[in-house]
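The numbering of the sequence shown is this note's numbering, which starts it at 12 and goes up by one.
We treat Cβ as the ideally placed atom computed from N, Cα and C, and that holds for glycine.
A quick note: this is a predicted structure, and the numbers were derived from the prediction, not measured.
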Amino acid sequence: MRSHLLNDTTAEHYRRSVTEGVERVAAKLAATDRPFTGVTADDLAPRIDAIDLDRPLRDTTAALDELEDVYLRDAVYFHHPRYLAHLNCPVVIPAVLGEAVLSAVNSSLDTWDQSAGGTLIERKLIDWTAARIGLGPAADGVFTSGGTQSNLQALLLAREETKTEELTKLRVFASEVSHFSVQKSAKLLGLGQDAVVVVPVDHDKRMQTVALAHELERCAEAGLIPMAVVATAGTTDFGSIDPLPEIAGLCEQYGAWMHVDAAYGCGLLASRKYRHRIDGIERADSVTVDYHKSFFQPVSSSAVLVRDAATLRHATYHAEYLNPRRMVTERIPNQVDKSLQTTRRFDALKLWMTLRVMGADGIGALFDEVCDLAAEGWKLLAADPRFDVVVEPSLSTLVFRYIPAAVTDPAEIDRANLYARKALFASGDAVVAGTKVSGRHYLKFTLLNPETTTADITAVLDLIAGHAEQYLGESLDRAC
Numbered sequence: 012m013r014s015h016l017l018n019d020t021t022a023e024h025y026r027r028s029v030t031e032g033v034e035r036v037a038a039k040l041a042a043t044d045r046p047f048t049g050v051t052a053d054d055l056a057p058r059i060d061a062i063d064l065d066r067p068l069r070d071t072t073a074a075l076d077e078l079e080d081v082y083l084r085d086a087v088y089f090h091h092p093r094y095l096a097h098l099n100c101p102v103v104i105p106a107v108l109g110e111a112v113l114s115a116v117n118s119s120l121d122t123w124d125q126s127a128g129g130t131l132i133e134r135k136l137i138d139w140t141a142a143r144i145g146l147g148p149a150a151d152g153v154f155t156s157g158g159t160q161s162n163l164q165a166l167l168l169a170r171e172e173t174k175t176e177e178l179t180k181l182r183v184f185a186s187e188v189s190h191f192s193v194q195k196s197a198k199l200l201g202l203g204q205d206a207v208v209v210v211p212v213d214h215d216k217r218m219q220t221v222a223l224a225h226e227l228e229r230c231a232e233a234g235l236i237p238m239a240v241v242a243t244a245g246t247t248d249f250g251s252i253d254p255l256p257e258i259a260g261l262c263e264q265y266g267a268w269m270h271v272d273a274a275y276g277c278g279l280l281a282s283r284k285y286r287h288r289i290d291g292i293e294r295a296d297s298v299t300v301d302y303h304k305s306f307f308q309p310v311s312s313s314a315v316l317v318r319d320a321a322t323l324r325h326a327t328y329h330a331e332y333l334n335p336r337r338m339v340t341e342r343i344p345n346q347v348d349k350s351l352q353t354t355r356r357f358d359a360l361k362l363w364m365t366l367r368v369m370g371a372d373g374i375g376a377l378f379d380e381v382c383d384l385a386a387e388g389w390k391l392l393a394a395d396p397r398f399d400v401v402v403e404p405s406l407s408t409l410v411f412r413y414i415p416a417a418v419t420d421p422a423e424i425d426r427a428n429l430y431a432r433k434a435l436f437a438s439g440d441a442v443v444a445g446t447k448v449s450g451r452h453y454l455k456f457t458l459l460n461p462e463t464t465t466a467d468i469t470a471v472l473d474l475i476a477g478h479a480e481q482y483l484g485e486s487l488d489r490a491c
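And the structure:
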């Protein structure tokens with residue numbers, strides 16, 4: 012079995028095996044004519060359950076043949092222009108190359124003696140991102156597994172910066188459409204059930220600063236501590252961007268940590284066209300960015316950035332076998348000193364390769380394309396009497412629902428939209444997401460593929476309407 016270990020004696024085996032795998036994936040990508048096959052869990056589970064993992068195939072080609080049957084054939088392909096569902100982007104080739112390199116070398120970014128240049132590359136990318144945000148010369152940060160972890164670490168730092176042990180007095184303010192990880196983080200950090208104060212949003216799904224000011228004042232009058240305000244630059248459902256400058260002013264007034272969850276909207280950091288939409292982000296104490304959402308990177312690739320590097324000390328623990336305190340005075344750069352994780356992949360290499368091949372302007376131009384596409388999609392929806400569209404997009408998300416001319420019962424309209432989404436997914440012709448707005452079921456396009464066109468949007472809208480009309484017709488038949 013030593014023949015399968017990657018080393019100097021197996022380099023040719025490695026080359027052949029990886030090449031065969033890459034060729035399989037390339038062929039699949041080239042032949043994929045829809046984002047999904049429509050396979051169900053009931054169809055697929057027996058094929059996987061039948062595999063005896065204690066009886067290896069002992070052949071790479073045979074294993075790839077089997078993988079074709081249980082995974083590649085029925086995978087959901089985000090690169091297809093009619094995948095319009097969640098915050099999953101198609102990935103750029105330089106990043107995939109970086110993924111191949113980092114997986115093979117297998118550096119761990121916790122300590123210098125496991126990574127060497129990898130540590131410095133990650134630090135360089137953190138400095139580059141912090142400069143793009145405008146956090147100032149004392150900024151720092153670290154790569155994470157994703158936005159949820161980044162938000163958790165940011166709120167951990169905010170909690171510690173309050174310098175209080177009375178956790179039940181701490182309050183976190185976030186809009187009603189902020190990411191669920193805010194509530195999850197509060198729970199993990201040991202705050203009370205009432206710790207997260209939900210702030211209402213306006214018609215454009217942006218946090219109402221008047222309401223935020225009112226809640227902050229109520230907090231102060233009650234003798235509570237405003238631990239943090241979480242502003243969102245790109246909400247998951249609507250792509251809405253909270254009024255960052257006004258929120259920053261209120262945070263300064265009430266002494267609250269300002270965290271900006273820019274997991275989605277961070278693509279604007281590379282935009283030459285729409286960067287102004289996140290003006291005010293430079294006043295944050297911490298920022299979450301997800302390169303794997305709007306920088307076209309493979310999962311995972313995220314980071315948390317802070318204005319003051321000293322605040323990262325709240326995540327620091329020293330172990331003699333890993334990062335003893337003496338290494339600090341010896342100026343040995345150990346990223347574990349900043350991270351909630353210990354063993355950690357060299358995910359930064361993917362972004363590094365992307366910037367070195369495409370440049371920031373190349374990334375920004377791709378993100379600008381999907382923002383422009385969303386603006387065109389909004390015009391199509393606003394002009395189509397079959398649909399109700401919620402808000403004009405700030406990024407690349409459209410939330411809408413089919414409204415039949417002859418049906419007025421909101422519950423029946425809900426069921427028609429749910430049916431249309433499920434039927435569309437089962438057909439494999441397109442994949443769209445869903446959410447609720449004011450208790451009613453809506454559909455969602457998350458446009459992150461520059462290859463998607465207005466013709467694709469029009470075609471998918473027609474498919475949705477057709478499925479909804481089919482459901483309503485069958486429902487009418489049953490009622491008769």
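For this session: Counting only runs of 3+ residues fully inside the stretch 155–238, write out the beta strand (DSSP E) ranges in chain order.
Result: 181–186, 207–210
Exercise. Less than 8 Å separating the beta-carbons of G152 and V418?
Worked result: no
Exercise. Alpha carbon to alpha carbon, how far is C491 from L280?
Worked result: Low local confidence applies: a pLDDT of 49 at C491 is under 50, so the model's placement there is unreliable, with the coordinate-based value given in what follows. Using only the alpha carbons, I get a separation of about 57 Å.
Exercise. Taking C-beta to C-beta, are A185 and V221 nearer than 8 Å?
Worked result: no
For this session: Buried or exposed for D121, please, with buried defined as at least 16 other CB atoms from any protein chain shown within 10 angstroms of its CB.
Result: buried
Exercise. Residue ranges of each alpha helix (DSSP H) run of no fewer than 4 residues wholly in the stretch 346–399, ordered along the chain?
Worked result: 359–368, 370–394
Problem set entry | Rounded C-alpha distance that separates E485 from A479 | 10 Å
Problem set entry | Other residues of its chain near L360: CB distance less than 6 Å, five sequence neighbours each side excluded | G109, L113
Exercise. With a CB to CB cut of under 6 Å and the five nearest residues on each side skipped, what residues in its chain are close to L75?
Worked result: R35
Problem set entry | Residues of its chain near A393, where Cβ-Cβ distance is below 7 Å and the 5 sequence neighbours each way are ignored | V400
Exercise. For the stretch 52–60 against the stretch 73–88, are there 3 or more C-beta pairs whose distance is under 8 Å?
Worked result: yes
Exercise. What residues in its chain sit with their C-beta under 7 Å from that of E293, if we drop five residues either side in the sequence?
Worked result: I144, G145, L146
For this session: Would you kindly check if the distance between the Cβ of T299 and the Cβ of A165 is under 8 Å?
Result: yes
Exercise. DSSP on C491, reduced to helix/strand/coil?
Worked result: In this prediction, C491 has a pLDDT of 49, which is less than 50 and means its spatial position is unreliable; nothing more can be read from the coordinates.
Exercise. Three or more beta-carbon pairs under 8 Å between the stretch 122–131 and the stretch 308–324, yes or no?
Worked result: no
For this session: Answer with buried or exposed for N117, where buried requires no fewer than 16 other C-beta atoms within 10 angstroms of its C-beta.
Result: exposed
Problem set entry | When T43, A431, R93, W363 are compared against L3, the one with the closest alpha-carbon | Outside the displayed range of the chain (12 to 491) lies residue 3, so it cannot be described from this structure.
Exercise. Does the beta-carbon distance from L168 to V317 come in below 8 Å?
Worked result: yes
Exercise. For R283, which of helix, strand or coil comes out of DSSP?
Worked result: coil
Problem set entry | Nearest residue (CA-CA) to P396, options T354, D379, I414 | I414
For this session: Inspect the beta-carbon positions of G375 and R288 and report whether they are closer than 8 Å.
Result: no
Exercise. Which residue from K216, K195, F191, V183 puts its Cα closest to that of A267?
Worked result: V183
Problem set entry | Collapsed DSSP secondary structure at T465 in the structure displayed | helix
For this session: Please say whether F411 and L454 have beta carbons closer to each other than 8 Å?
Result: yes
Exercise. Which first and last residues belong to the alpha helix (DSSP H) in which R337 is found?
Worked result: 337–340
For this session: Please classify F306: is it buried, with 16 or more other beta-carbons within 10 angstroms of its beta-carbon, or exposed?
Result: buried
Exercise. For the candidate residues D19, T20, F89, whose alpha-carbon lies nearest to that of V443?
Worked result: F89
For this session: Could you tell me whether the Cβ atoms of P211 and E187 are closer together than 8 Å?
Result: yes
Exercise. Applying the criterion that 16 or more other CB atoms from any shown protein chain within 10 Å of the CB defines a buried residue, is Q204 buried or exposed?
Worked result: exposed
Exercise. Between A441, Y482, K174, G373, which lies nearest to D425 when the distance is taken from Cα to Cα?
Worked result: Y482
For this session: Measuring alpha carbon to alpha carbon, tell me which of E177, C262, R13 ends up nearest R69.
Result: R13
Problem set entry | Contact under 8 Å by Cβ, H388 with T464 | Going by the sequence as given, residue 388 is Gly instead of His. No, the pair does not count as a contact, with Cβ atoms beyond the cut-off.
Problem set entry | Nearest-angstrom Cβ-Cβ length linking F47 and F456, presumed shorter than 8 Å | Actually they do not touch by this definition, with Cβ atoms about 16 Å apart.
Problem set entry | Alpha-carbon spacing of T446 relative to G250, whole angstroms | 13 Å
For this session: Count the other CB atoms, across all protein chains shown, that sit within 10 Å of the CB of L406; report buried if there are 16 or more and exposed otherwise.
Result: buried
Exercise. Which residue's Cα is closest to the Cα of S449: T30, S156, R66, A422?
Worked result: A422
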